[in-house]
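Enquirer: When the sequence shown is numbered by this note's numbering, its final residue is 252 and no position is left out of the sequence of numbers.
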Amino acid sequence: MTARRAAMPRLLAVPALAVLLAGCGIRATEVPTNFGPAPSRVQCSLAEPDVSTQAARGLPVQVFLLCGSSLVTVDRTVRVPDGAADSERRILVAQGLLDQLAAPPSAAEKEAGYSTDVRGGITVGGPRPGDPEDTLRLSTAPAGLTSYALAQVVCTFSDSAAAEGDGSVVLSGPGAEAPRRYECTDEVRARPGSTEPPSKDVAGE
């Protein structure tokens, strides 16, 4: 009899505990709580483009856009007339890349967090007498671009047919300033706002 009386408080405690939990708004279950739906799109991630469709529209290229605090590549196309001489072709590619950098990101790119700091209207020309033959002269001096825009231009050009393919590009502006060789480094791609592309005078090359 004594053992049964001792067990009764413990048995009564089980439903009492359930009542307390219910009263506090806590469900007596081990199912994890749903903290809301997952993001609809991963930041800085886009669906792979249809390369065959792009090729039909022009020359497939890649440009560097901003996403978060770094530079990321996106696929684009530029139109280059058939039969263009190599020097002319290089300028046409460079201008097409500039135009793509200045174009507003698509709706899908905006949703994924992409943006650009390159403004429209910038043009590019070839070398002047005395410049290295691979010089690209911009209508806006490189020093007049924001650090983000300069990083976008340097990294896009240096990774394209507009440059020599060695990870660098020779740039200058519309004035008398001497051309400089700019490099796109891992640090520039990771922190374009605080790390400007390293450059050096090309006079001694």
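Virtual Cβ for every residue (Gly too), placed ideally from N, Cα, C.
Given a cut-off of 8 Å, decide if Arg228 and Val217 are closer than it, judged by their beta-carbon atoms.
Expert: Taking the sequence shown and counting its residues from 1, one reaches residue 217 at position 170. Taking the sequence shown and counting its residues from 1, one reaches residue 228 at position 181. Yes, Cβ-Cβ distance for Val217 and Arg228 is below 8 Å.
Enquirer: Give the straight-line distance between the Cα atoms of Ala149 and Ser134, rounded to the nearest whole angstrom.
Expert: As a working note, residue 149 is residue 102 in the sequence shown. As a working note, residue 134 is residue 87 in the sequence shown. So the two alpha carbons sit approximately 23 Å from each other.
Enquirer: Below 8 Å on the Cβ atoms is my guess for Thr124 versus Val140; work out the distance and round it to an integer in Å.
Expert: Position 77 of the sequence shown holds residue 124. Position 93 of the sequence shown holds residue 140. Thr124 to Val140, Cβ: 11 Å. No contact.
Enquirer: Express the C-alpha separation of Val201 and Glu180 in angstroms, rounding to a whole number.
Expert: By 1-based counting over the sequence shown, the position of residue 180 is 133. By 1-based counting over the sequence shown, the position of residue 201 is 154. Between Glu180 and Val201, the C-alpha separation is close to 17 Å.
Enquirer: In three-state DSSP terms, what is Pro245?
Expert: Position 198 of the sequence shown, counted from the first residue, corresponds to residue 245. Coil.
Enquirer: To the nearest whole angstrom, what separates the beta carbons of Ser186 and Ile169, a pair I think is in contact under 8 Å?
Expert: Taking the sequence shown and counting its residues from 1, the one referred to as residue 186 is at position 139. Taking the sequence shown and counting its residues from 1, the one referred to as residue 169 is at position 122. Yes, Ser186 and Ile169 are in contact; Cβ-Cβ is about 6 Å, under 8 Å.
Enquirer: Could you give the distance in angstroms between the alpha-carbon of Gly177 and the alpha-carbon of Ser219?
Expert: Taking the sequence shown and counting its residues from 1, one reaches residue 177 at position 130. Taking the sequence shown and counting its residues from 1, one reaches residue 219 at position 172. So the alpha carbons of these two residues sit roughly 13 Å apart.
Enquirer: Following the continuous alpha helix (DSSP H) through Arg227, name the residue where it begins and the one where it ends.
Expert: The count along the sequence shown starts at 1 and reaches residue 227 at position 180. No alpha helix (DSSP H) holds Arg227; the beta strand (DSSP E) holding it covers 227-230.
Enquirer: Can you look up Glu77 in the DSSP assignment and give me helix, strand or coil?
Expert: Here residue 77 is taken as the residue at index 30 of the sequence shown, counted from 1. Per-residue confidence for Glu77 stands at a pLDDT of 39, beneath the threshold of 50, marking its modelled position as unreliable; the derived number appears in the next sentence. Coil, per DSSP.
Enquirer: Determine which residues share a DSSP beta bridge with Cys114 and list them.
Expert: Position 67 of the sequence shown holds residue 114. BP columns for Cys114 point to Ser117, Tyr161.
Enquirer: Quick test of your reading: Gly214 and Cys231, contact by CB under 8 Å. State the CB separation rounded to the nearest angstrom.
Expert: Locating residue 214 in the sequence shown gives position 167, counting from the first residue. Locating residue 231 in the sequence shown gives position 184, counting from the first residue. Going by Cβ atoms, the distance from Gly214 to Cys231 rounds to 6 Å, so yes, they are a contact pair.
Enquirer: If you drop the 5 nearest sequence neighbours on each side, which residues of the same chain put their C-beta closer than 8 Å to that of Ala188?
Expert: The residue given as residue 188 occupies position 141 in the sequence shown. Cβ within range, chain order: Ser219, Gly220, Pro221, Gly222, Glu224.
Enquirer: Note down, in chain order, each residue of its chain lying with its Cβ closer than 7 Å to the Cβ of Gln142, except the 5 sequence neighbours on either side.
Expert: As a position in the sequence shown, residue 142 is number 95, starting the count at 1. Thr170, Val171.
Enquirer: Please return the same chain residues whose Cβ sits closer than 6 Å to the Cβ of Asp206, not counting the five positions on each side in sequence.
Expert: Here residue 206 refers to the residue found at position 159 of the sequence shown. Same-chain partners within the cutoff: there are none.
Enquirer: For Ala54 and Gln90, what's the separation of their Cα atoms in angstroms?
Expert: For the purposes of this step, residue 54 is identified with residue 7 of the sequence shown, where counting begins at 1. For the purposes of this step, residue 90 is identified with residue 43 of the sequence shown, where counting begins at 1. Low confidence applies here, because Ala54 scores a pLDDT of 45, under 50, leaving its location unreliable and the question unanswered by this model.
Enquirer: Is the beta carbon of Leu93 closer than 8 Å to that of Thr121?
Expert: Taking the first residue of the sequence shown as position 1, residue 121 is located at position 74. Taking the first residue of the sequence shown as position 1, residue 93 is located at position 46. Going by the sequence as given, residue 121 is Val instead of Thr. Contact flag set, yes.
Enquirer: Which residue's Cα is closest to the Cα of Pro128: Glu158, Leu197, Leu106?
Expert: As a first step, residue 128 is located in the sequence shown; it is residue number 81 there, counting from the start. Out of Glu158, Leu197, Leu106, Leu106 has the C-alpha closest to the C-alpha of Pro128.
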